[in-house]
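Undergrad:
Number of protein chains: 2
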Amino acid sequence: MFSKACEYGIKACIFIAINSYEGKRVSPKEIAEEINSPQAFTAKILQALVRHKVINSIKGAYGGFEVSKYEIKNIKLSQIVKAIDGDNIYNGCGLGLEKCDENHPCPVHDKFKVVRDELKLMLENTSLEELALNIKSGASFLKT
Amino acid sequence: MFSKACEYGIKACIFIAINSYEGKRVSPKEIAEEINSPQAFTAKILQALVRHKVINSIKGAYGGFEVSKYEIKNIKLSQIVKAIDGDNIYNGCGLGLEKCDENHPCPVHDKFKVVRDELKLMLENTSLEELALNIKSGASFLKT
DNA sequence: TTTATTTCGGATATTTTTATCCTATTTATA
DNA sequence: TATAAATAGGATAAAAATATCCGAAATAAA
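Now the structure itself:
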């Protein structure tokens, strides 16, 4: 469904959020350990998230990645996905047609629309806060 | 969502079905032209579909690919997807965790389940017949 | 039986995604 | 100001997905 990069990105954001609640910045090393991902690759993804202003980075000594404590509830899964995988998952044709819309639909256009709208809704309605709190409470996990 | 291979596979099956209604076998060349895909790569995908018994191939002169006219309504999108992309789209964890279930869920487990179940239902309830008839009637298209 | 046609399948090439490495730049503190 | 600790980002490598090529095997018809 999502790229590896996107999977890492989502998990990284959750871990960053948890630490930001406690005013702690985290490094790619800590993040990679916590979400079980390759460190350097994860760092690249973090850069992309910073460029898209999903998270924040502070360079130099005592720096690291963080996210405004008060913004966590406003950050949606959709923003993370869009920053990393783009919006093809929303707009692209299910069968890869260049042009695919109501007037010139691919064979699965309508049926796909239902599923994709549901996915879109889910991503847009799921906040980082919600996901972070579930990890903190032990209701869900970032790695096996 | 799906791999390129799977996209080609679905479109190929639809085109084969249309021709099979008229007792006509088709070649990878014809298929690739009709669905706008690389011919040799498409041929590989057709082989996989044959191996998984989704479609049928007849070798030698006057051969080609076909599907039993009476089976077309029983062939579901899910079979095609499974033959090419496997069933990871059904069973795999949305965030790539090795182990992800009710007892040890990833952060998006429940929310993903809803979307994926919807996708699964859609794939299992959509028949090749339905898709082929819509192409024949001009209600949908295999290429741009 | 020979020939033409067609799928099968192995080998290889290209492109994209994933992953690693190393240096430059930034910045807080001593 | 010097130093140590961080992120930024370019270059490169490895793996996976996509794509191409070609000869082998099968088969219908002449």
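Those protein sequences? They're chains Z and E, same order as listed.
Everything in the first sequence is counted per this note's numbering, starting at 43 for the first residue and increasing by one.
Everything in the second sequence is counted per this note's numbering, starting at 43 for the first residue and increasing by one.
C-beta: ideal position from N, C-alpha, C; glycine also.
#1: Taking the runs of the beta strand (DSSP E) that are 3 residues or longer, which of them lie wholly in the region 117 to 183 of chain Z?
#2: Does Ile177(E) get closer than 8 angstroms to chain Z when you measure Cβ to Cβ?
#3: I'd like to know whether the C-beta atoms of Phe183(Z) and His146(E) end up nearer to each other than 8 angstroms.
#4: Would you kindly work out how many angstroms separate the C-alpha atoms of Glu113(Z) and Glu108(E), rounded to a whole number?
#5: Answer yes or no: do Asp156(Z) and Ile122(Z) have a C-beta to C-beta separation smaller than 8 angstroms?
#6: Can you tell me the Cα-Cα spacing of Glu76(Z) and Lys71(E), whole angstroms?
#7: Whose C-beta lies closer than 6 angstroms to the C-beta of Ser99(E) among residues of the same chain, with five residues either side of it excluded?
#8: Give me whichever residues DSSP pairs with Ser62(Z) in a beta bridge.
#9: Could you tell me which chain Z residues have their CB closer than 8 angstroms to the CB of Glu160(E), listed as they occur along the chain?
#10: Considering Ala100(E), what are the terminal residues of the beta strand (DSSP E) in which it resides?
#11: At what residues does the alpha helix (DSSP H) containing Glu75(Z) begin and finish?
#12: Relative to chain Z, which residues along the region 47 to 66 of chain E have a C-beta separation below 7 angstroms, given in chain order?
#13: Identify the contact partners of Thr168(Z) in chain E, using a Cβ-Cβ distance below 8 angstroms as the criterion.
TA: In short:
#1: none
#2: yes
#3: yes
#4: 56 angstroms
#5: Note on identity: in this sequence residue 156(Z) is Val, with Asp being the wrong assignment. No, the pair does not count as a contact, with Cβ atoms beyond the cut-off.
#6: 50 angstroms
#7: Val92 and Phe107
#8: Partner(s): none; Ser62(Z) has no beta bridge.
#9: Val156, Val157 and Glu160
#10: Per the sequence shown, residue 100(E) should be read as Ile rather than Ala. Ile100(E) -> beta strand (DSSP E) spans Asn98 to Ile100.
#11: Pro70 to Ile77
#12: Glu49, Ile52, Lys53 and Ile56
#13: Val150 and Lys153
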